[in-house]
Every structure is written in structure tokens, then in C-alpha cells.
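K.L.:
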């Protein structure tokens, strides 16, 4: 599932220039932005995606190890919509 997340997030990175880097270790995901991420975290949480921000500019989420592909796809979809609304 980590490889799937990385592939999908790399695609997202190519579409949203504010994403500087994607880091994936197992299912722990870090997305480095070129700006503070607090507003993005709040919008994601309001839509049901539990995510936080570290070092002011790194979005981090760590899904359960038994996450289904459909759930991962839904979470990345929420993140994509929020980033497009808040950054684009």
C-alpha cells in the first residue's frame, strides 16, 4: 500500500507546484510544501482525513496498517481536492 500511496502522491506532486517533496516509509507519508500547512490540515480534517503538520511545512499522515486500497484512494482524493482549493 505504501508503493501505491507514493505513486499517487508523485502524480499529485507533478500537478501541484507547492509540493516540494514526497517521503514514504512503509505507510508513513510526509509531504513537504513550500508554505505552511496548517490551513490544509484543518480543511482535510473537516472532510474526514486525519492528518497533521510537522515543522510547519510538512504534512504527515500514517494510516492503519490494514487500510484498504479504496480507503487510501479516498484519503488521497480528499488531500488532492483540498490542495487544489487552497493552493491553486
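In the numbering used here, the protein residues as written are 290 to 377. Note that beta-carbon positions come from the ideal geometry of N, C-alpha and C, so glycine has one too.
(1) Check the DSSP bridge columns for residue 341 and list the partner residues they point to.
(2) State the CB to CB distance for the pair residue 376 and residue 305, rounded to an integer number of angstroms; the pair is presumed to be in contact (CB under 8 Å).
(3) Excluding the 5 residues flanking residue 315 on each side, which residues of the same chain have their C-beta closer than 6 Å to its C-beta?
(4) Under 9 Å, do residue 340 and residue 298 count as touching if we go by C-beta distance?
(5) Could you have a look at residue 357 and say whether DSSP puts it in helix, strand or coil?
P.N.:
Per the coordinate set shown:
(1) Taking the chain shown and counting its residues from 1, one reaches residue 341 at position 52. Answer by DSSP bridge pairing, in chain order: 349.
(2) Position 87 of the chain shown holds residue 376. Position 16 of the chain shown holds residue 305. About 6 Å separates the beta carbons of residue 376 and residue 305, which is inside the 8 Å limit, making them a contact pair.
(3) Position 26 of the chain shown, counting from 1, holds the residue named residue 315. Taken in chain order, the residues that qualify are 291.
(4) Your numbering for residue 340 matches position 51 in the chain shown. Your numbering for residue 298 matches position 9 in the chain shown. Contact flag unset, no.
(5) Counted from its first residue, the chain shown places residue 357 at position 68. Reduced to three states, the DSSP call for residue 357 is coil.
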